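Below: the structure, in structure tokens.
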Amino acid sequence: MIPSVTGIASRGLAALLAPQTCAVCGGAAEAGIPVCDRCLEQRYYREAVSPRLPRCSVCGRPLLSAKNRCVCCRTDTSPSSPLDGIHVLYPYDSANQLLLTAWKIAGLRGLSPYFARCFALALSRLDAGERAVIPVPPRPGKIRERGWDQMEEIAAILRKRHRVNVVRPLTRKSAIQQKKLGHEERLMNLKGAIRCGRFESFPPAIYVIDDLTATGSTLEACAEALKSAGAGKVYGLALFYD
Numbered sequence: 019m020i021p022s023v024t025g026i027a028s029r030g031l032a033a034l035l036a037p038q039t040c041a042v043c044g045g046a047a048e049a050g051i052p053v054c055d056r057c058l059e060q061r062y063y064r065e066a067v068s069p070r071l072p073r074c075s076v077c078g079r080p081l082l083s084a085k086n087r088c089v090c091c092r093t094d095t096s097p098s099s100p101l102d103g104i105h106v107l108y109p110y111d112s113a114n115q116l117l118l119t120a121w122k123i124a125g126l127r128g129l130s131p132y133f134a135r136c137f138a139l140a141l142s143r144l145d146a147g148e149r150a151v152i153p154v155p156p157r158p159g160k161i162r163e164r165g166w167d168q169m170e171e172i173a174a175i176l177r178k179r180h181r182v183n184v185v186r187p188l189t190r191k192s193a194i195q196q197k198k199l200g201h202e203e204r205l206m207n208l209k210g211a212i213r214c215g216r217f218e219s220f221p222p223a224i225y226v227i228d229d230l231t232a233t234g235s236t237l238e239a240c241a242e243a244l245k246s247a248g249a250g251k252v253y254g255l256a257l258f259y260d
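Everything in the sequence shown is counted per my numbering, starting at 19 for the first residue and increasing by one.
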């Protein structure tokens, strides 16, 4: 039985107010975060390792046909992307929107190790060779305002707990939040805003990680800066897709 939107919303509100309630299934979440162990294992970890549906070779979203590209990517006439592909893990549905809000906006940092594990599991599936992971750089002033940045924290956990090669050559000068802009405005806002510092030797594969992707403009701006500095293959890897 598919849960109703109202049911998910009410469970999610309870989860934000009382983290012992799972935002996904409404059951007990004893780890102090708004998602239970069962949902973590079956909805998140298992999907990161082995997606239930094949994915588009361009945008990474689930495919509903035998084609290796989704309809949007097959009919897209925009210039080719500097990304060599985007990998996305979970849809930005009601439950995941509540989890992202609890983590990113409300500052429930206890979710960070669990999301980091999702990234680590996906990376182990995608590429076993030499690679580097680069977090999307925060907008200027964000860490000073909030005291932390979610992707910086994910990167630190990936390096320390999961032995992932994490580097941070990217900087960002635009202080305008992308979520407040339309697609064309996002592209203009990021044009030249993300820069790559000196990097002695790029590995064969680079994965730029972010929490949420909608248009892919942020990941593309990062890839453009990296390739201008001499990088080879650059992929995007996002926790949620909208």
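Ideal Cβ positions, reconstructed from N, Cα and C, are used throughout, including at glycine.
This structure is a prediction, so every number in the text was calculated from the model and none was measured.
**Study point:** tyrosine 259 versus tyrosine 108 - alpha carbon distance
**Key:** Near 6 Å, if we compare the C-alpha coordinates of tyrosine 108 and tyrosine 259.
Check your understanding: Can you list, in chain order, the stretches of the alpha helix (DSSP H) that have 4 or more residues and sit fully within the stretch 52 to 102?
Key -> Listed in chain order, the alpha helix (DSSP H) runs fully inside the stretch 52 to 102 are 64 to 67, 89 to 93, counting runs of at least 4 residues.
Point to revise | Helix, strand or coil at glycine 254 according to DSSP, with G and I counted as helix | key: Shown here, glycine 254 sits in a strand according to DSSP, grouped into three states.
Check your understanding: Does the distance from the C-beta atom of proline 158 to that of isoleucine 212 stay below 8 Å?
Key -> Going by beta carbons, proline 158 and isoleucine 212 fall outside the 8 Å limit.
Check your understanding: Measuring CB to CB, does leucine 101 end up less than 8 Å from phenylalanine 137?
Key -> No, they are not a contact pair.
Point to revise | Inter-stretch contact (C-beta, 8 Å, three-pair minimum) for the stretch 213 to 223 and the stretch 240 to 257 | key: The stretch 213 to 223 is in contact with the stretch 240 to 257.
Review point. Pick from Glu148, Ile123, Pro187: whose alpha carbon is nearest that of glycine 165?
Key: It is Ile123.
Check your understanding: Just checking my contact of phenylalanine 239 with valine 252 at CB under 8 Å: how many whole Å lie between their CB atoms?
Key -> For the record, residue 239 in the displayed sequence is alanine; it is not phenylalanine. Not a contact, Cβ separation roughly 11 Å.
Point to revise | Opposing strand residues paired with arginine 164 [DSSP bridges] | key: None; arginine 164 has no bridge partner.
Exercise for review: May I ask you to report which of helix, strand or coil DSSP gives threonine 233?
Suggested key: Correct three-state label for threonine 233: coil.
Exercise for review: For the beta strand (DSSP E) containing tyrosine 108, list its first residue and its last residue.
Suggested key: It spans 104 to 109 - the beta strand (DSSP E) in which tyrosine 108 sits, taken as one unbroken run.
Review point. Whose C-alpha, out of Glu163, Asp228, Gln115, Ser235, is nearest the C-alpha of alanine 173?
Key: For the options Glu163, Asp228, Gln115, Ser235, the alpha carbon positioned closest to that of alanine 173 is the one of Asp228.
Review point. Looking only at DSSP bridge pairs, what is valine 226 linked to?
Key: For valine 226, which the question treats as bridged, DSSP gives the partners Ile152, Gly254.
**Study point:** Rounded distance between the beta-carbons of threonine 231 and alanine 256, thought under 8 Å
**Key:** With a Cβ gap of about 4 Å, alanine 256 and threonine 231 count as contacting.
Exercise for review: For tyrosine 259, write down the residues that DSSP places opposite it in a beta bridge.
Suggested key: Tyrosine 259 is bridged to Pro109, Thr231.
Point to revise | Delimiting residues of the beta strand (DSSP E) encompassing cysteine 214 | key: The continuous beta strand (DSSP E) containing cysteine 214 extends over residues 212 to 214.
Point to revise | Per DSSP, cross-strand counterpart(s) of leucine 188 | key: According to DSSP, leucine 188 bridges with Cys214.
Review point. Which class does alanine 49 belong to by DSSP, given the choice of helix, strand or coil?
Key: Note: alanine 49 maps to coil in three-state DSSP.
Check your understanding: Rounded to the nearest angstrom, how far is the Cβ of alanine 134 from that of alanine 41, given a contact under 8 Å?
Key -> About 19 Å separates the two Cβ atoms, so there is no contact after all.
Review point. Who does threonine 39 pair with in a DSSP beta bridge?
Key: BP columns for threonine 39 point to Ala46.
Point to revise | DSSP-derived helix/strand/coil call for alanine 146 | key: It is coil, neither helix nor strand.
Exercise for review: Use the C-beta contact count for serine 28: other C-beta atoms within 10 angstroms, 16 or more gives buried, fewer gives exposed.
Suggested key: The predicted position of serine 28 is uncertain, since its pLDDT is 49 and thus under 50; a value taken from the coordinates is nonetheless stated next. It is exposed - the Cβ of serine 28 has fewer than 16 other Cβ atoms within 10 Å.
Review point. Measuring CA to CA, which of Val182, Gly128, Tyr63 is closest to glycine 147?
Key: Selected option, being the one with the closest Cα: Val182.
Practice item. Quick one: residues in its chain with C-beta nearer than 6 Å to the C-beta of lysine 191, no 5 flanking neighbours on either side, listed in chain order? Key: Same-chain partners within the cutoff: Ala211.
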